[in-house]
Ligand code: SF4
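Numbering (our numbering), first residue to last: 23 to 137.
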């Protein structure tokens with residue numbers, strides 16, 4: 023299998039070609055080692071940092087922005103979004119507070135203060 027990708031790690035946006043042949047994965051077109059790693063990860067185990075919002079139950083019409091502390095496997099995003107949708111938090115909330123612990127190997131943290 024061969025895939026053409028654009029590296030999104032830096033603004034240079036190198037065009038990558040990733041060839042997956044069984045256990046062997048080869049990347050070409052990368053301008054640095056980070057791009058090679060990105061190309062391999064994207065084809066073998068793609069991950070994403072998820073950003074969203076969570077309802078604040080003691081403030082009318084208020085949401086707090088959140089994100090995963092680490093990227094999670096792309097295939098887990100919809101399941102995580104269900105968990106996020108079912109979660110409510112009470113103010114005060116501060117940037118960096120853990121809102122959801124131990125979810126898909128990471129946590130969901132606040133990215134905004136709600137005082
Ligand atoms: S391969 Fe390296 S230089 Fe090219 S876009 Fe990715 S991070 Fe930037």
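Quick reminder that beta carbons are idealized off the backbone N, C-alpha and C, glycines included.
- Counting the other CB atoms within 10 Å of its CB gives residue 108 a total below 16, which places it among the exposed residues.
- In the DSSP assignment, the residues bridged to residue 85 are 77.
- The beta carbon of residue 75 sits closer than 7 angstroms to the beta carbons of 85, 86, 87 and 88 from its chain, once the five residues preceding and following it are set aside; these are given in chain order.
- Ranked by how close their Cα comes to the Cα of residue 59, the residues 36, 77, 134 and 105 have 36 in first place.
- The beta carbon of residue 114 sits closer than 6 angstroms to those of 137, all from its chain and outside the five residues before and after it, given in chain order.
- Taking all protein chains shown into account, residue 111 has 16 or more neighbouring C-beta atoms within 10 Å of its C-beta and is therefore buried.
- The alpha helix (DSSP H) runs lying completely inside the stretch 36-77 and spanning 4 residues or more are 55-66, given in chain order.
- DSSP places residue 122 inside the beta strand (DSSP E), whose first and last residues are 120-125.
- Excluding five sequence positions before and after residue 27, the CB atoms of its chain that fall closer than 7 angstroms to its own CB belong to 38, 40, 61 and 64, given in chain order.
- Check the Cα spacing between residue 67 and each of 91, 95 and 55: the tightest is with 95.
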